[in-house]
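**Q** Would you mind keeping the following structure in view while I ask a few things?
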Amino acid sequence: MTDVVFMFEVHQPYRVERRFRERLSELIARGGRVTWEELEKLYFDDGLNRYVFRRAAERCYLPANQAILEGIERYKGQAKEFKVAYSVSGLLLEQAERWYPEVVDSFKALADTGRVEFLDQTYYHSLAFLVSEEEFEYQVAQHRLLMQNMLGVRPTAVENTEFIYNNYVARVFARMGYRVVLTEGVERVLGWRSPNYVYRARDADIRVLMRNYRLSDDIGFRFGARWWSEYPLTADKYAAWLAATPGDVILIAVDYETFGEHFPAETGIFEFLRWLPGEILKWDNLYTVTPSEAAERNPPRDVLDVPEYNTISWADLERDLTAWLYNQMQWNAFNRLKNLWLAVRAYDSPRARRLWQLLSTSDHFYYMSTKGGGPGDVHMYFSPYGTSLEAYMYYSEVLGDFETRIYGELERDERARLRYAWLRHVPHDKLFAFTTPSGETLGILAYNMFSLLEGVRRAPPEAVAHHHERGDFARWIREVVGDGELAARVSGVEPSGPPARVKEELLGVLEGRRRELFGW
246 MTDVVFMFEV
256 HQPYRVERRF
266 RERLSELIAR
276 GGRVTWEELE
286 KLYFDDGLNR
296 YVFRRAAERC
306 YLPANQAILE
316 GIERYKGQAK
326 EFKVAYSVSG
336 LLLEQAERWY
346 PEVVDSFKAL
356 ADTGRVEFLD
366 QTYYHSLAFL
376 VSEEEFEYQV
386 AQHRLLMQNM
396 LGVRPTAVEN
406 TEFIYNNYVA
416 RVFARMGYRV
426 VLTEGVERVL
436 GWRSPNYVYR
446 ARDADIRVLM
456 RNYRLSDDIG
466 FRFGARWWSE
476 YPLTADKYAA
486 WLAATPGDVI
496 LIAVDYETFG
506 EHFPAETGIF
516 EFLRWLPGEI
526 LKWDNLYTVT
536 PSEAAERNPP
546 RDVLDVPEYN
556 TISWADLERD
566 LTAWLYNQMQ
576 WNAFNRLKNL
586 WLAVRAYDSP
596 RARRLWQLLS
606 TSDHFYYMST
616 KGGGPGDVHM
626 YFSPYGTSLE
636 AYMYYSEVLG
646 DFETRIYGEL
656 ERDERARLRY
666 AWLRHVPHDK
676 LFAFTTPSGE
686 TLGILAYNMF
696 SLLEGVRRAP
706 PEAVAHHHER
716 GDFARWIREV
726 VGDGELAARV
736 SGVEPSGPPA
746 RVKEELLGVL
756 EGRRRELFGW
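In terms of the numbering used here, the sequence shown has 679 at position 434, counting the first letter as 1, and numbering is strictly consecutive.
Structural data, given as structure tokens:
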């Protein structure tokens, strides 16, 4: 028996405004106030975003949801039912609420059938996992809350943006309580193995389902290709291919806009979608199930080891991170965004943080790609800009304005500036290295105030007392971190007495300052 899992990726970004500077000047000329709320309207092109969303809703989301719903209802209660899964970004559901509420209603109707599993992902469909574990978890938790509040579901399956995956991603998802993660079936990771089995993540209690990209791309890329030797693709033909494919689980994952947008209704794509459930369920050896059901019904066949240097995704021929991070423009834009995250967290404004999150959406970097050939054609197909250079220029203009405003706020807000001083990583040659009184290294390094606090907790009392007696802590806090008030408080701790007491008092001072600045 073979379980077939259909998963549809549903996402729309907020595209940046081409006329940002012009619109900002107009607002100022009218005497308007440039608030964080107003900046969101200036940074992103609501007119274009609304147009694209409504077109996709009418061509894809509503008719495709209706076709899936009809397939589910047709086989509900039978020995073999039709089931599917969706991964819907928070940004898409936001836009649906704003510009086409019927789309939200149609997803609710699918959720109410009990035959559809909704996955979690990053709310902003972002590259947050490359920036900060805190931000990565935060965006996934935001998405989980949205799923509960809007669709009444609590996902147990998850994917990272664009199926990006490595061992670190798996560990984070496992710690957050997810049972199964979806990713791409990449040969350089699988080797001789097949994607059509359940795997166990390395060093994490979570199951992994891997996309069969050949069978997925038969629908997602080749359905309407007249040059293809298998054209036209019919539901009965595709079902026969699935039935002849060996393995326990076949994960078919496609961009949802395949239906109606990438391949218009005239190509027969909706007829294919309507006939497919029946053609699959005719086969005795095929069942359609959700990702969580597939992970529960089938034992893991092996451990999947994907080190961070070998991170995978479902994008382009390389199936790695080069769709978003390859050329100098992409790296420059991303590193500026990444470096800005600590300043945004230090400023601690929900509206400012949302702007950063909107700018972290992976699509912005995807549009900057300069790849050629087939992958280059795909990048340009999705891009609203004429060239990758235009995409970079428009994004940089908005990001540059945001940078100026955030760093300006830190200059004006002493508490925010100190929070930033605590959070930021010091230069490599300024790291604080803990040693014993005899000068032996302990292997404990501090790169910011939080890691110094953790180092004081971990280091033996004798080492802590030794550093304090020499004034090392106060000097590093004053000269490297820049928190003069805290340095004075640390200097006020009496260095004589039992080392355990010195360590306890220092921890009290450091933790007290942390509570003052961060509230916890």
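Glycine included, C-beta positions come from ideal geometry on N, C-alpha and C. A quick note: this is a predicted structure, and the numbers were derived from the prediction, not measured.
1. Tell me where the alpha helix (DSSP H) around L644 begins and ends.
2. Helix, strand or coil for G277 per DSSP?
3. Compare the Cα-Cα distances from H713 to each of R260, F363 and V738 and report the closest residue.
4. According to DSSP, is G436 part of a helix, a strand, or is it coil?
5. If the criterion is Cβ atoms closer than 8 angstroms, does the pair D493 and N457 meet it?
6. Is it true that the CB of T535 sits closer than 8 angstroms to the CB of E362?
7. Tell me whether E516 is buried or exposed, calling it buried when 16 or more other Cβ atoms sit within 10 Å of its Cβ.
8. With DSSP as the reference, identify every bridge partner of I497, one or two as the case may be.
9. For I557, write down the residues that DSSP places opposite it in a beta bridge.
10. To the nearest angstrom, how far is it from the Cα of A539 to the Cα of V250?
11. Rank W472, F468, P522 and L587 by C-alpha distance to the C-alpha of E511 and give the top, closest one.
12. Going along the chain, which unbroken runs of the alpha helix (DSSP H) with 4 or more residues stay wholly within the stretch 697 to 764?
13. Which residue's Cα is closest to the Cα of Y501: S741, N310 and L293?
14. Since L293 is in the alpha helix (DSSP H), which residue starts that stretch and which ends it?
15. From the DSSP output, which residues share a beta bridge with L454?
16. In this structure, what does DSSP give as the bridge partners for T686?
17. Quick check: the Cα distance between R360 and F677, rounded to an integer number of angstroms?
18. Go ahead and label A489 buried or exposed: buried means 16 or more other beta carbons lie within 10 angstroms of its beta carbon, across all protein chains shown.
19. Please give me, in chain order, every unbroken run of the alpha helix (DSSP H) with length at least 4 that falls completely inside the stretch 297 to 354.
20. Over what stretch of residues does the beta strand (DSSP E) that includes R445 continue unbroken?
21. Does the structure place the stretch 408 to 418 close enough to the stretch 558 to 576 that three or more beta carbon pairs sit under 8 angstroms?
22. Using the Cβ count rule (16 or more neighbours within 10 Å means buried), how would you classify I212?
23. State the Cα-Cα distance for the pair T681 and V551, rounded to the nearest angstrom.
24. Please identify the residue among A578, A597 and L604 whose C-alpha is closest to the C-alpha of F289.
25. Tell me which same chain residues have a C-beta within less than 7 angstroms of the C-beta of A591, skipping the five on either side of it?
26. State yes or no: is the C-beta of W586 within less than 8 angstroms of the C-beta of V376?
27. Throw me the rounded Cβ distance for the V261 and H609 pair, which I believe falls under 8 angstroms.
28. Measure the CB-CB distance between L337 and H388 and report whether it falls below 8 angstroms.
29. Quick check: the Cα distance between R300 and L314, rounded to an integer number of angstroms?
30. Between the alpha carbons of R304 and R519, how many angstroms are there, rounded?
31. Quick one: what's got a C-beta closer than 6 angstroms to F253's C-beta in the same chain, skipping five residues either side?
32. Determine the direct distance from the alpha carbon of S558 to that of R424, and round the result to whole angstroms.
33. Check each candidate in Y368, R657, W721 and W281 and name the one with the smallest Cα separation from F381.
34. For the beta strand (DSSP E) that contains D547, what are its first and last residues?
35. Report yes if the CB atom of P743 is closer than 8 angstroms to the CB atom of V709, and no otherwise.
36. Does DSSP classify L562 as helix, strand or coil?
**A** Based on what the coordinates show:
1. What you label residue 644 is simply residue 399 of the sequence shown in a count that begins at 1. Where L644 is concerned, the enclosing alpha helix (DSSP H) starts and stops at S633 to R657.
2. The residue you call residue 277 lines up with position 32 of the sequence shown. Three-state DSSP puts G277 in coil, outside helix and strand.
3. Reading the sequence shown from its first residue, position 468 is the one you call residue 713. Of the listed residues, the one whose Cα sits closest to H713 is V738.
4. Sequence index remark: in the sequence shown, residue 436 carries index 191 (1-based). Of the three classes helix, strand and coil, the one that applies to G436 here is coil, per DSSP.
5. Walking along the sequence shown from the start, residue 493 turns up at place 248. Walking along the sequence shown from the start, residue 457 turns up at place 212. Taking a C-beta distance under 8 angstroms as the contact criterion, D493 and N457 do not qualify as a contact pair.
6. Within the sequence shown, numbered from 1, the residue matching residue 362 stands at position 117. Within the sequence shown, numbered from 1, the residue matching residue 535 stands at position 290. Taking C-beta atoms as the reference points, E362 and T535 count as a pair closer than 8 angstroms.
7. The residue you call residue 516 lines up with position 271 of the sequence shown. Under this definition E516 is an exposed residue.
8. Counting from one through the sequence shown, the residue named residue 497 turns up at place 252. Answer is F251, bridged to I497.
9. Looking up residue 557 in the sequence shown gives position 312. Y410.
10. The count along the sequence shown starts at 1 and reaches residue 539 at position 294. The count along the sequence shown starts at 1 and reaches residue 250 at position 5. Pairing A539 with V250, the inter-Cα distance amounts to about 8 angstroms.
11. Against the sequence shown, residue 511 aligns to sequence position 266. Ranking the options by Cα distance to E511, first place goes to F468.
12. The alpha helix (DSSP H) runs lying completely inside the stretch 697 to 764 and spanning 4 residues or more are 706 to 715, 717 to 721, 729 to 736 and 744 to 763, given in chain order.
13. As a working note, residue 501 is residue 256 in the sequence shown. Considering only alpha carbons, the answer is N310.
14. The sequence position of residue 293 within the sequence shown is 48, counting from 1. In the DSSP assignment, L293 falls within the alpha helix (DSSP H) that extends over D291 to A301.
15. Along the sequence shown, read from residue 1 onward, the residue named residue 454 stands at position 209. L454 is bridged to L427.
16. Taking the sequence shown and counting its residues from 1, one reaches residue 686 at position 441. Answer by DSSP bridge pairing, in chain order: T680.
17. Working through the sequence shown from its first residue, we reach residue 360 at position 115. Working through the sequence shown from its first residue, we reach residue 677 at position 432. Taking the straight line from one Cα to the other gives about 55 angstroms.
18. Taking the sequence shown and counting its residues from 1, the one referred to as residue 489 is at position 244. Its Cβ having fewer than 16 others within 10 Å, A489 is exposed.
19. Listed in chain order, the complete alpha helix (DSSP H) runs (minimum 4 residues) inside the stretch 297 to 354 are 307 to 320 and 335 to 344.
20. As a position in the sequence shown, residue 445 is number 200, starting the count at 1. Residues Y444 to A446.
21. The stretch 558 to 576, when compared against the stretch 408 to 418, does touch it at the 8 angstroms Cβ threshold.
22. Residue 212 is absent from the structure shown; the chain starts at 246 and stops at 765.
23. Here residue 681 refers to the residue found at position 436 when the sequence shown is read from its first residue. Here residue 551 refers to the residue found at position 306 when the sequence shown is read from its first residue. Roughly 38 angstroms between the two C-alpha positions.
24. The residue given as residue 289 occupies position 44 in the sequence shown. Of all alpha-carbon atoms in A578, A597 and L604, the one lying nearest the alpha-carbon of F289 is that of L604.
25. To locate residue 591, count along the sequence shown from 1; it is residue 346. Correct list, in chain order: L655, A661, R664, Y665 and L668.
26. Translated into the one-based positions of the sequence shown, residue 586 becomes position 341. Translated into the one-based positions of the sequence shown, residue 376 becomes position 131. A contact, by the Cβ cut-off of 8 angstroms.
27. Residue mapping note: residue 261 aligns to position 16 of the sequence shown, counting from 1. Residue mapping note: residue 609 aligns to position 364 of the sequence shown, counting from 1. Confirmed, about 7 angstroms.
28. Here residue 337 refers to the residue found at position 92 when the sequence shown is read from its first residue. Here residue 388 refers to the residue found at position 143 when the sequence shown is read from its first residue. Taking C-beta atoms as the reference points, L337 and H388 fail to come closer than 8 angstroms.
29. What you label residue 300 is simply residue 55 of the sequence shown in a count that begins at 1. What you label residue 314 is simply residue 69 of the sequence shown in a count that begins at 1. The C-alpha of L314 is placed about 21 angstroms away from the C-alpha of R300.
30. Within the sequence shown, numbered from 1, the residue matching residue 304 stands at position 59. Within the sequence shown, numbered from 1, the residue matching residue 519 stands at position 274. Using only the alpha carbons, I get a separation of about 15 angstroms.
31. Within the sequence shown, residue 253 is the residue found at index 8, counting from 1. Non-local C-beta neighbours of F253 in its own chain, meaning closer than 6 angstroms and more than five positions away in sequence, comprise Y331 and Y501, ordered along the chain.
32. To locate residue 424, count along the sequence shown from 1; it is residue 179. To locate residue 558, count along the sequence shown from 1; it is residue 313. Roughly 20 angstroms separates the two Cα atoms.
33. Indexing the sequence shown from 1 puts residue 381 at position 136. Looking at the Cα atoms, Y368 is the closest of the given residues.
34. Residue mapping note: residue 547 aligns to position 302 of the sequence shown, counting from 1. D547 -> beta strand (DSSP E) spans D547 to L549.
35. Counting from 1 along the sequence shown, the entry for residue 743 is found at position 498. Counting from 1 along the sequence shown, the entry for residue 709 is found at position 464. No Cβ-Cβ contact shorter than 8 angstroms links P743 with V709.
36. As a first step, residue 562 must be located in the sequence shown, where it is residue number 317. Here L562 sits in coil by DSSP.
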